[in-house]
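Numbering (this note's numbering), first residue to last: 1412 to 1615.
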């Protein structure tokens, strides 16, 4: 009687063991499958991440290269800018000096032109004054010539009257002497000093 219950108990234990072993095996397989799936997912993620990392690394390398190129270009542009600024400053300085020289020449020419204009104005006034003197002198000369011609005509008329009256040679000589005196008088008329303004002119 005692052996039979023990046998039943062992059977129950074996059944429970087998059942738990099956459960454990099932759980193990499920865990292994889950683990395998997770490992595969992780591997895919790692692979994807690796690709992303490589892509990012490549992009980063390209960006660094572009940054270096841009920095080099920036330095070149800054150097060009500095060179152009120096050239501009030098050009402004040079042309500023030239402009000062040209302005000095312009001022000198303007002063010279002003002096020439003043001199021309003085010469013009002097010319007008001399032209007035010349005109008045010509008028006076014409008057003196008219007087001389009138005096000569009077002398010729007097000589004709004396010759027509039959005067003696003595009288003729006297007349000739008188004519000589008239000639001297005419010469005195011809040699006369004419004062005009501040000038003294002689009529011959």
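Here a beta-carbon is modelled for each residue, glycine too, at the ideal position from N, C-alpha and C.
State the Cα-Cα distance for the pair residue 1565 and residue 1539, rounded to the nearest angstrom.
Using only the alpha carbons, I get a separation of about 39 angstroms.
Roughly how many whole angstroms lie between the Cα atoms of residue 1430 and residue 1455?
37 angstroms
Once DSSP output is grouped into helix, strand and coil, what is the label at residue 1495?
helix
Output the distance between the C-alpha atoms of residue 1445 and residue 1464, rounded to the nearest integer angstrom.
It is roughly 27 angstroms from the alpha-carbon of residue 1445 to the alpha-carbon of residue 1464.
Between which residues of its own chain and residue 1426 is the CB-CB distance below 6 angstroms, once the five residues before and five after are set aside?
Nothing listed; no residue qualifies.
Among the residues of its own chain, which have a CB less than 7 angstroms from the CB of residue 1421, if the five just before and after it don't count?
Non-local beta-carbon contacts of residue 1421 in its own chain, meaning distances under 7 angstroms to residues more than five positions away in sequence, are absent.
Compute the Euclidean distance between the alpha carbons of residue 1437 and residue 1448, then round it to the nearest angstrom.
16 angstroms
Out of curiosity, what's the CA-to-CA distance linking residue 1492 and residue 1505?
Roughly 20 angstroms between the two C-alpha positions.
Taking just the CA atoms, how far does residue 1541 sit from residue 1533?
12 angstroms
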